[in-house]
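Please read the structure below before turning to the comments.
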Amino acid sequence: MAGGFLDLIQKAAPDGQYPGDQYGGAAGADGSGAPTGTAQNFMFATGIECSNPTIQGGRVRRDLLAECGHYDHWQQDLALVQDLGLKYLRYHLPLHRTFVGPGRYDWEFADAAMNEIRRLGLTPILDLMHFGVPDWLGNFQNPELPLHFEAYAEAVARRYPWVRFYTPINEIYVTARNSAKDGLWNEELKTDQGFVTAMKHLCAASILACQGITRVRSDAIIVQSESAEYLHDASPTPRPDLALMNRLRLLSLDLLYGVCPDAEVMLYLLDNGLTREEYQWFMAGEPAGHQIMGSDYYGKNEHIVHPDGSRTQAEDVLGWREITRTYHERYRKPIFHTETNHFDPDVAPTWLWKQWVNVLTARKDDMPVLGFTWYSLTDQIDWDIQLAEQRGTVNRCGLYDLSRQPRPVAGAYRDLLSRYGQIPAVPHGEMFEMTREPARLRVEI
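Note that the numbering used here has the sequence shown beginning at 34, numbered continuously upward.
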């Protein structure tokens with residue numbers, strides 16, 4: 034594995050030409066990948082919790098599909114999504130079990146699940162990497178990761194050509210930070226150089242995955258799900274390290290979308306291993322496919338950092354709308370609220386409606402929000418400690434508990450869907466629908 038990731042990429046494509054928007058294109062009515070008759074409707078979704086990083090020096094794999102029972106109850110889980118009246122599902126094909134070696138794949142579970150998703154008429158937003166890689170790839174310090182992941186993404190697209198929506202890599206910033214700066218997962222590093230290395234390999238892998246997908250599906254819609262975060266400095270003397278962290282939260286999307294980081298971040302990158310050639314490669318343009326900016330928000334995404342360094346969760350000091358506004362102003366992309374939940378099941382229905390009002394208010398302010406997701410379908414395990422240890426703590430944040438019984442938030446989501454399920458994805462988007470229905474009054478939102 035001598036040399037950097039860019040050396041390997043250039044060897045694979047000696048002319049240096051990685052096609053971009055030429056793989057984009059207007060979505061046709063046939064094979065759109067969206068449910069019939071709802072392509073112009075707002076996209077309400079849930080997701081199956083699927084995180085799979087390694088811990089304890091790589092000796093233990095946290096596979097939340099197993100720990101939350103999806104491998105045993107996948108048919109029931111998919112039926113619950115349909116029963117709720119949802120059409121869109123963030124879904125992960127377990128990378129560590131499916132991608133078993135270079136050019137080698139085990140499609141057994143993926144085929145069964147994908148066939149059922151298609152039979153039920155659900156639209157998957159395929160999540161190809163969710164916090165972990167197969168053992169044979171090591172971790173995010175491996176410069177070969179982008180090329181191998183490109184091959185995997187293309188193989189998935191060829192296996193399931195009816196799929197249009199993809200999230201190549203979930204929360205790149207969180208993946209790189211927890212793996213290489215905070216030392217919780219995978220390589221378990223606590224260094225700035227490790228963080229920058231993981232970040233550039235992950236961003237390159239996502240960009241190349243878009244290439245692989247769009248070779249098969251030219252009208253692919255790419256939902257780049259990223260964590261919407263902010264640190265509030267409560268010290269009377271501003272702290273430069275916190276200011277830098279608030280800038281670094283933008284780094285993954287900067288590199289993905291070819292937006293120049295500010296001077297302080299640029300110096301940080303150059304000091305910690307990003308070469309000028311690599312920087313120029315990232316700045317060459319946007320990835321292939323129709324790009325949607327996914328914005329994940331939980332109360333813990335905002336923290337107040339006190340003068341002594343301690344932190345207090347600061348949910349809703351800014352909130353999803355205001356944090357996401359800063360991202361939208363920077364990247365000017367359509368927006369998908371791709372994750373939210375609350376660990377207190379009694380508070381969760383209120384949290385759902387608060388997030389939904391954030392979406393409605395953002396849309397009134399001309400932010401193009403196209404979708405909303407309660408994540409996840411079922412309760413989760415050990416996310417109160419970021420999966421860093423196997424304690425088996427049940428996080429009661431699902432629409433259903435782990436016995437597949439509904440929590441109060443499931444009823445609240447049904448109510449929300451009954452009231453808002455037919456709103457357009459964009460204001461007046463109905464004018465673009467091909468329909469034989471007569472003109473009708475559309476209530477403004």
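No residue lacks a Cβ here, since even glycine has one placed at the ideal position from N, Cα and C.
Is the beta carbon of GLU86 sitting closer than 8 angstroms to the one on VAL133?
-> Sequence index remark: in the sequence shown, residue 86 carries index 53 (1-based). Sequence index remark: in the sequence shown, residue 133 carries index 100 (1-based). One point to set straight first is that residue 86 is Pro, not Glu, in the sequence displayed. The answer is no: Cβ separation not under 8 angstroms.
Residue environment, GLU141, which counts as buried when at least 16 other CB atoms sit within 10 Å | Residue numbering aside, residue 141 sits at position 108 when the sequence shown is read from its first letter. GLU141 should be labelled exposed.
Excluding the five sequence neighbours on either side, which residues of its own chain have a C-beta within less than 6 angstroms of the C-beta of GLY36, listed in chain order?
-> Residue mapping note: residue 36 aligns to position 3 of the sequence shown, counting from 1. Excluding positions up to five away in sequence, the list is empty.
What is the rounded straight-line gap between the Cα of GLU100 and the Cα of VAL402?
-> For the purposes of this step, residue 100 is taken as residue 67 along the sequence shown, with counting starting at 1. For the purposes of this step, residue 402 is taken as residue 369 along the sequence shown, with counting starting at 1. About 33 angstroms.
Can you tell me which of LEU302, MET162, PRO294 puts its alpha carbon nearest to the alpha carbon of LEU235?
-> Residue numbering aside, residue 235 sits at position 202 when the sequence shown is read from its first letter. Minimum Cα distance to LEU235 is reached at MET162.
Neighbourhood of LEU435 by C-beta, 7 angstroms cutoff - its chain only, sequence neighbours within 5 removed = For the purposes of this step, residue 435 is taken as the residue at position 402 of the sequence shown. Counting only Cβ-Cβ distances below 7 angstroms, and skipping sequence neighbours, we find CYS101, GLY102, THR411, ASP412, VAL427.
Give me whichever residues DSSP pairs with ASP329 in a beta bridge.
-> Here the question's residue 329 lines up with position 296 in the sequence shown. According to DSSP, ASP329 bridges with SER260, GLU372.
Beta-carbon gap between ALA209 and GLU220 smaller than 8 angstroms = Locating residue 209 in the sequence shown gives position 176, where the first residue counts as 1. Locating residue 220 in the sequence shown gives position 187, where the first residue counts as 1. Result no, Cβ atoms of ALA209 and GLU220 do not sit closer than 8 angstroms.
Under 8 angstroms by Cβ, that's how I've got ALA78 and LEU119 pegged, so tell me the actual separation to the nearest angstrom.
-> For the purposes of this step, residue 78 is identified with residue 45 of the sequence shown, where counting begins at 1. For the purposes of this step, residue 119 is identified with residue 86 of the sequence shown, where counting begins at 1. With a Cβ gap of about 6 angstroms, ALA78 and LEU119 count as contacting.
Buried versus exposed call for HIS339 [16 or more other C-beta atoms within 10 Å across all chains shown] = For the purposes of this step, residue 339 is identified with residue 306 of the sequence shown, where counting begins at 1. Counting Cβ neighbours within 10 Å, HIS339 comes out exposed, since fewer than 16 surround it.
Looking only at its own chain, which residues have a Cβ that is under 6 angstroms from the Cβ of ASN172, when we skip the five neighbours before and after it?
-> As a first step, residue 172 is located in the sequence shown; it is residue number 139 there, counting from the start. The residues are ASN219, GLU220.
Along the alpha helix (DSSP H) that carries LEU119, what are the first and last residues, could you check?
-> Locating residue 119 in the sequence shown gives position 86, where the first residue counts as 1. Here LEU119 belongs to no alpha helix (DSSP H), and DSSP marks it neither H nor E.
Check whether the Cβ atoms of GLU297 and ARG282 lie closer than 8 angstroms to each other.
-> As a first step, residue 297 is located in the sequence shown; it is residue number 264 there, counting from the start. As a first step, residue 282 is located in the sequence shown; it is residue number 249 there, counting from the start. Taking 8 angstroms as the Cβ cut-off, GLU297 and ARG282 do not qualify as a contacting pair.
With DSSP collapsed to three states, give me the class of GLY61.
-> Counted from its first residue, the sequence shown places residue 61 at position 28. Interpretation of GLY61 is limited by its pLDDT of 33, a score under 50 that renders its predicted location unreliable; the figure taken from the coordinates is listed afterwards. If DSSP states are grouped into helix, strand and coil, GLY61 belongs with coil.
DSSP three-state call for VAL229: helix, strand or coil?
-> Sequence index remark: in the sequence shown, residue 229 carries index 196 (1-based). DSSP places VAL229 in helix when its eight states are reduced to three.
CB-CB under 7 angstroms to LEU264, same chain, minus the five flanking residues each way: which ones, in chain order?
-> Position 231 of the sequence shown, counted from the start, is the residue given in the question as residue 264. The answer, listed in chain order, is LEU275, MET278, ASN279, HIS336, VAL338.
Residues near ASN203 in its chain [Cβ-Cβ closer than 6 angstroms; skip 5 each side] | For the purposes of this step, residue 203 is taken as residue 170 along the sequence shown, with counting starting at 1. The answer, listed in chain order, is ASP160, HIS163, SER258.
Any contact of the region 186 to 202 with the region 230 to 250, i.e. 3+ C-beta pairs under 8 angstroms?
-> yes
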